[in-house]
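**Q** I'd like to ask some things about the structure below.
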Amino acid sequence: MLTNLTIKAKILILSLIVIIVVTVSITIDSIISIKNLSGKNIENYKKEAYLKKEVELKNYVTLAYKIVEIYYNKVDADKSNEKEIQQEALKAIADLKYANNDYFWINDSSPKMIMHPINAALNGKDLSSYADPYGKKLFIEMAKISTENKSGGLVKYWWDKPNKKNDPKEKFSYVQKFEPWDWIIGTGAYVDDVETEVALMKDIVNKEIENIIFNLLVFSLFLAVIFIFIYNYFVNQAIIKPLTNINEAIVDMTDGKGNADHIDKKSNDEIGKLTDSFNNYIKKLKSGYMEDAKVIENVDEVIEKVINGFYVYKVEKTSSNPQIEKLRNSINSMIEKTNQNLLGLNNILIDYGSSNFSLNDSKIDTSKVGGIVSSLVASTQLIGASVSEFLSMIVNSGKKLNEDTEILSTSAGRLSASASTQAASLEETAAAIEEITSIVKSTVQKTKTMSSLAEQLQLSSKDGELLASKTNKAMDDIDNQVNSINEAISVIDQIAFQTNILSLNAAVEAATAGEAGKGFAVVAQEVRNLASRSAEAAKEIKNIVEIATSKANEGKAIANEMINGYTILNSKINETINLIEDVSRGSKEEEKGILQINDTINALDKATQSNASSAIDISRLASEVSNLSKNLLKIADRAKFNKINQKEIEDIDLVFTVSKLKNDHVRFKLINLSKIATTKTAWSVTKPTECDLGKWLIEQERNAKHFTKTQNWKDLKTNHEIVHSSIQEYINEECKDSSNNEVLNSLSHKMDNAIFEVFKGLDQLKKDNLFEAKVEKNTLEITQNTTNEKTSKNDEWESF
């Protein structure tokens, strides 16, 4: 804002600011001094008032002390009347009043209230817990001060006024200790009246200060106006008017009016010196303009020659203007470096034209070029690398084609010889097939007879199986009857056991009965004997039945084995019948097949004759292809190129993909840098993961390629990200209002270096891919060997 003001206005504003600052400073200093002085006076008054109050209280306490001392002197030597005298003294002090009915009290040093004329309830109470609202224990403080100072001391605290609860005011109390009786005599007075007077004095002082400030401001403003008018007059005459004259003269010079060579000098002061300096500057400026015009004219001539393609000319004219000279040197340096780069590119293209595509990377130092030149170098080197790869492919393909044609030619000769041998073999095979046909017809007849015999054998087997089933059923019936006998024997055995128990119980009862039970005991003994014989008989029957059961089970097992044997026999007979039928059907099919074979052999004979003719044609074509592959090898031999490992270019898809990805990033750089010329607004370039190379990198990692685990892969990804980030940084810096050329040059070199490192990384991938191809080949061979082993084993089983 100040840059748009005139010098007159600036000087006026500066003077006004100085006056205001000085006035305000003086005024503020005066106010502060007045306030400090009044504050000190008020503070002194306050101290004197408090001291006066302390002296007043001390005098009153001294009076009371003298009264107590008089009464003490009345005590007899034997102190027999001391209590009476103390009571008289207390009454005298209680009745003692002064000023506005102010009073005295007496407490001891414990502290305990001895006498309080206003509040008799305090008499005899312990006062150690009494404190003001701020926690000050005033009676303990009184005891302490009066003990330490025999003449007494002042205690300051806050206390409620009579009949005004919860409104504490500051109070001074003076206390003095009467040692003989351990009485602390005290009186107090509120000092809020002093604070009221101090506040009133402050109000009066503040009003006086405000009047002084107003008078100072009015007086300062009056002086400032007078000073500004005087100062403005002298500034106009001494500075503004001469400057206005100089300005009018410069305007006249600019518009071509008046004297265009210099400004007339009208004084010898600083403005006059300024006029002399300006006139000298005009002279030098005109001389510089003439030098600059010659340099610019020379620049136009050189640039016109450069536009026509001649980069050998330089700007020869010089100027004393450092900016023009810097521009001249920059143009010459640009032409020289451009010429060097174009010569380097031209030499590379001349080599290409001479079929030399090898070792062109060293023609131009890529670390010293950038922008479009760097892209041209990269593209030119890519052409050489791609042609070298193509020529390597041609050489490899030509050698392989030459080898394959030789094999093909040899195979064609063998095919012709084998065709003749095959024709003779076919005639012998036809005679053998006729003999086989008659044997097959005899076999068909015999299979019919075998089928009839097998059917009769099957009927006899079914009759035997029926008889075995009936025997098995009879054995089951016997087994059931034997089981019934076993059950009956078990019942008899249980009855014999129960009878034996009963006879034992009867014997016990008979023994209990004594003489009367002797006869009954004999009967019980006989019954027990009978039960024992029944049990033994049942056991013998059970053994016989178990033997019968065992034999019946053996018969049943034999019958079951007979049934199973007949079942298996029937199954085998059925299988035999089926085999015989299959043989019969097969023999019929063989008969048909042999007839077809006979027809086929005739057709093969014709085909063999045709193969012999085709073998001759193949041999001729193989010779022509061999000549073509030799010509390709001769063409490749005449060109110079970087020999590339055959394995590196076997993966043709990878070779072409790498070449495309390289070109894509050269184009990516050119597109974004070309856009800078059309806009000064920064934009976001494609992210590293969204370009074709980024997507391809992600795809290879997803497919778990071996080369994604190498250090080269990590470096490739890092350099790829640097390419994108450096191009973005270059755009952001270039689109700033004031870009930094050093930063731009650094980013350009960083960008180009990263691109060439990406190219090296992509080339290394083709070498790293060899390991993965070798692993896949070994895996394929292992799989094929495993398959061959399995096939061999299957063939062995089929042979077996």
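Numbered by numbering that gives the first Met the number 0, the letters in the sequence shown go through residues 0 to 799 in order.
By construction, the Cβ of each residue, glycine as well, lies at the ideal position given by its N, Cα and C atoms.
Note that the structure is predicted; figures quoted are calculated from it, not measured.
Taking the alpha helix (DSSP H) that V684 belongs to, which residues open and close that run?
**A** Residue mapping note: residue 684 aligns to position 685 of the sequence shown, counting from 1. Counting along the chain, V684 falls outside any alpha helix (DSSP H), and DSSP gives it neither H nor E.
**Q** Using a Cβ-Cβ distance cut-off of 8 angstroms, determine whether E315 contacts chain B.
**A** The structure shown has no chain B; it contains just one protein chain.
**Q** Pick out whichever of T717, N162 and L743 has its Cα sitting closest to the Cα of V757.
**A** Here residue 757 refers to the residue found at position 758 when the sequence shown is read from its first residue. For the residues T717, N162 and L743, the minimum Cα distance to V757 belongs to T717.
**Q** Applying the 10 Å Cβ sphere with the 16-neighbour rule, what's the burial state of E535?
**A** Along the sequence shown, read from residue 1 onward, the residue named residue 535 stands at position 536. Under this definition E535 is an exposed residue.
**Q** By DSSP, does F103 sit in helix, in strand, or in coil?
**A** To locate residue 103, count along the sequence shown from 1; it is residue 104. Here F103 sits in coil by DSSP.
**Q** My assumption, with CB atoms under 8 angstroms, is that V174 sits in contact with M141. Please give the rounded CB distance.
**A** Translated into the one-based positions of the sequence shown, residue 174 becomes position 175. Translated into the one-based positions of the sequence shown, residue 141 becomes position 142. Going by Cβ atoms, the distance from V174 to M141 rounds to 4 angstroms, so yes, they are a contact pair.
**Q** Which residues mark the beginning and the end of the alpha helix (DSSP H) in which W712 is found?
**A** For the purposes of this step, residue 712 is taken as the residue at position 713 of the sequence shown. Looking at the DSSP string, the run of the alpha helix (DSSP H) that includes W712 is Q710 to E733.
**Q** What number of angstroms, rounded off, separates the C-alpha of F496 from the C-alpha of V544?
**A** The sequence position of residue 496 within the sequence shown is 497, counting from 1. The sequence position of residue 544 within the sequence shown is 545, counting from 1. If you take the alpha carbons of F496 and V544, they lie about 20 angstroms apart.
**Q** Count the other CB atoms, across all protein chains shown, that sit within 10 Å of the CB of N106; report buried if there are 16 or more and exposed otherwise.
**A** Taking the sequence shown and counting its residues from 1, the one referred to as residue 106 is at position 107. By the neighbour-count rule (16 or more Cβ atoms within 10 Å), N106 is buried.
**Q** Below 8 angstroms, how does it come out for the segment 97-106 and the segment 204-224: are there three or more Cβ pairs, yes or no?
**A** Segments in contact, no.
**Q** Taking a contact to mean a Cβ-Cβ separation below 8 angstroms, would you say N569 touches K461 in this structure?
**A** For the purposes of this step, residue 569 is identified with residue 570 of the sequence shown, where counting begins at 1. For the purposes of this step, residue 461 is identified with residue 462 of the sequence shown, where counting begins at 1. Yes, the Cβ-Cβ distance between N569 and K461 is below 8 angstroms.
**Q** In this structure, what does DSSP give as the bridge partners for E169?
**A** Your numbering for residue 169 matches position 170 in the sequence shown. DSSP output for E169 lists W157 as bridge partner(s).
**Q** On the DSSP bridge list, what partners appear for Y189?
**A** Within the sequence shown, residue 189 is the residue found at index 190, counting from 1. Partner(s): K170.
**Q** Return the chain-ordered list of same chain residues with a C-beta closer than 6 angstroms to the C-beta of P132, the five sequence neighbours on each side being excluded.
**A** For the purposes of this step, residue 132 is identified with residue 133 of the sequence shown, where counting begins at 1. Closer than 6 angstroms at Cβ, skipping near neighbours: W157 and P167.
**Q** Thinking C-alpha only, which one of D202, N626 and Q524 is nearest N504?
**A** Here residue 504 is taken as the residue at index 505 of the sequence shown, counted from 1. Per the Cα distances, Q524.
**Q** Just to confirm before moving on: does the CB-CB distance between A681 and N731 stay below 8 angstroms?
**A** Looking up residue 681 in the sequence shown gives position 682. Looking up residue 731 in the sequence shown gives position 732. Contact: yes.
**Q** Indicate whether the contact test is met: 3 or more Cβ pairs, each with one atom in the segment 178-190 and one in the segment 24-40, closer than 8 angstroms.
**A** The answer is no - the segment 24-40 does not touch the segment 178-190, with fewer than three Cβ pairs under 8 angstroms.
**Q** To the nearest angstrom, report how far apart D476 and L466 are at their CA atoms.
**A** The sequence position of residue 476 within the sequence shown is 477, counting from 1. The sequence position of residue 466 within the sequence shown is 467, counting from 1. Roughly 16 angstroms separates the two Cα atoms.
**Q** Evaluate P110 with the Cβ neighbour count: other Cβ atoms within 10 Å of its Cβ, from every protein chain shown; 16 or more gives buried, anything less gives exposed.
**A** Within the sequence shown, residue 110 is the residue found at index 111, counting from 1. Flag for P110 reads buried.
**Q** What residues match up with M112 in a beta bridge as DSSP calls it?
**A** Within the sequence shown, residue 112 is the residue found at index 113, counting from 1. N106, per the DSSP bridge assignment.
**Q** Assign T448 to buried or exposed, taking buried as 16 or more other Cβ atoms, counted over all protein chains shown, within 10 Å of its Cβ.
**A** Position 449 of the sequence shown holds residue 448. The residue in question, T448, is exposed, as its Cβ has fewer than 16 Cβ neighbours within 10 Å.
**Q** Which residues in the same chain have their Cβ closer than 7 angstroms to the Cβ of F226, if we skip the five residues on either side of it in sequence?
**A** For the purposes of this step, residue 226 is taken as residue 227 along the sequence shown, with counting starting at 1. Closer than 7 angstroms at Cβ, skipping near neighbours: I18.
**Q** Report the option in A292, Q339, V204 and K713 whose CA atom is closest to the CA atom of Y310.
**A** To locate residue 310, count along the sequence shown from 1; it is residue 311. Checked all of A292, Q339, V204 and K713; the closest Cα to Y310 is Q339.
**Q** Which value, in whole angstroms, describes the spacing of the CA atoms of N671 and E728?
**A** On the sequence shown, position 672 is the one that residue 671 refers to. On the sequence shown, position 729 is the one that residue 728 refers to. Each residue's Cα considered, the two are about 12 angstroms apart.
**Q** Roughly how many angstroms lie between the CA atoms of I754 and S738, to the nearest whole one?
**A** As a working note, residue 754 is residue 755 in the sequence shown. As a working note, residue 738 is residue 739 in the sequence shown. Whole-angstrom Cα-Cα distance: 23 angstroms.
**Q** With distance defined between alpha-carbon atoms, name the residue in V657, I203, G585 and S276 nearest to Q699.
**A** In the sequence shown, residue 699 corresponds to position 700, counting from 1. Among V657, I203, G585 and S276, the Cα nearest to that of Q699 is on V657.
**Q** Determine the contact status of F138 and S145, defining contact as a CB-CB distance below 8 angstroms.
**A** Position 139 of the sequence shown, counting from 1, holds the residue named residue 138. Position 146 of the sequence shown, counting from 1, holds the residue named residue 145. Contact: no.
**Q** Since L696 contacts D663 with CB under 8 angstroms, what's their CB separation in whole angstroms?
**A** Counting from 1 along the sequence shown, the entry for residue 696 is found at position 697. Counting from 1 along the sequence shown, the entry for residue 663 is found at position 664. Incorrect: roughly 13 angstroms between the Cβ atoms, too far for contact.
**Q** Is it right to say M474 is buried, meaning 16 or more other beta carbons lie within 10 angstroms of its own, or is it exposed?
**A** In the sequence shown, residue 474 corresponds to position 475, counting from 1. Label assigned to M474: buried.
**Q** What number of angstroms, rounded off, separates the C-alpha of V197 from the C-alpha of I203?
**A** Position 198 of the sequence shown holds residue 197. Position 204 of the sequence shown holds residue 203. Cα-Cα distance, rounded: 10 angstroms.
**Q** Rank R666, H723 and L669 by C-alpha distance to the C-alpha of E689 and give the top, closest one.
**A** One-based indexing of the sequence shown puts residue 689 at position 690. With distances taken between Cα atoms, E689 lies closest to H723.
**Q** Could you give the distance in angstroms between the alpha-carbon of I804 and the alpha-carbon of Y70?
**A** Residue 804 lies beyond the residue range present for the chain, which begins at 0 and ends at 799; the question has no answer from this structure.
**Q** Taking 8 angstroms as the threshold (C-beta atoms), are I92 and A63 in contact?
**A** As a working note, residue 63 is residue 64 in the sequence shown. As a working note, residue 92 is residue 93 in the sequence shown. Their beta carbons are under 8 angstroms apart, which means A63 touches I92 by this criterion.
**Q** If you measure between the beta carbons of A556 and D478, is that distance less than 8 angstroms?
**A** By one-based count along the sequence shown, residue 556 stands at place 557. By one-based count along the sequence shown, residue 478 stands at place 479. In this structure, D478 does not lie closer than 8 angstroms to A556 by Cβ.
**Q** For G412 and Q608, I'd like the C-alpha separation in whole angstroms.
**A** The residue you call residue 412 lines up with position 413 of the sequence shown. The residue you call residue 608 lines up with position 609 of the sequence shown. Rounded to the nearest angstrom, the two C-alpha atoms are 14 angstroms apart.
**Q** Just how far apart, CA to CA, sit I546 and N485?
**A** Walking along the sequence shown from the start, residue 546 turns up at place 547. Walking along the sequence shown from the start, residue 485 turns up at place 486. If I take the Cα positions, the gap works out to 12 angstroms.
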